[in-house]
Amino acid sequence: GGYFEVFKGYNLENINTVFVDNKYIQKLNKEYRGVNTPTDVLSFKLDDSRNDGEIYISGEYVYKSYKGKKFVEEILRLIIHGTLHILGYDHLDSLDANPNEEMFKLQEKLLLKYIQKCF
181 GGYFEVFKGY NLENINTVFV DNKYIQKLNK EYRGVNTPTD VLSFKLDDSR
231 NDGEIYISGE YVYKSYKGKK FVEEILRLII HGTLHILGYD HLDSLDANPN
281 EEMFKLQEKL LLKYIQKCF
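Right under this line is the structure:
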């Protein structure tokens, strides 16, 4: 149940979530996206024929950036966000999430579903 129950029907294989610090995620961000700054989340699809991958989250970045919000809720949002990328969803590459984009609408819908189910 739980997390993967929210993604029922999405044909997920295996998702690993790795928590790192700003220094490590900045290194990944520079290597894979050419952006030499830390970020909150990066996701990588490991096999093109399967829906499996790894999600890297900087706990340090999230803690510093979202002090006024619920930390656990933001971590869950980022895990869902990374999972959607692994499933092939994408959004415009901007610093500000556009709540009208399909991916963000689905992300928030899945987050609400998960929170209602588990909390």
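What the sequence shown shows, in our numbering, is residues 181 to 299, in sequence order.
Here a beta-carbon is modelled for each residue, glycine too, at the ideal position from N, C-alpha and C.
Computed from a prediction, not measured in an experiment: that's the story for all the values here.
- A direct Cα-Cα distance of roughly 19 Å separates ILE255 from HIS271.
- The straight-line gap separating the alpha-carbon atoms of CYS298 and TYR204 is approximately 31 Å.
- When the five nearest sequence neighbours on each side are left out, the beta carbons in the same chain lying within less than 6 Å of the beta carbon of GLU193 are those of ARG230, ASN231, ASP232, in order along the chain.
- A distance below 9 Å separates the beta carbons of ASP220 and SER238.
- Assigned with DSSP and collapsed to three states, THR197 falls in strand.
- For TYR241, the enclosing alpha helix (DSSP H) has its first and last residue at 239 to 245.
- Excluding five sequence positions before and after PHE199, the CB atoms of its chain that fall closer than 6 Å to its own CB belong to ILE237, GLY239, given in chain order.
- For VAL221, the enclosing beta strand (DSSP E) begins and ends at 221 to 225.
- GLN287 is classed as buried because its beta carbon has at least 16 other beta carbons within 10 Å across all chains shown.
- Taking 9 Å as the cut-off, the Cβ atoms of LEU208 and GLU253 do not count as close.
- Burial check for THR217: the Cβ neighbour count within 10 Å stays below 16, so the residue is exposed.
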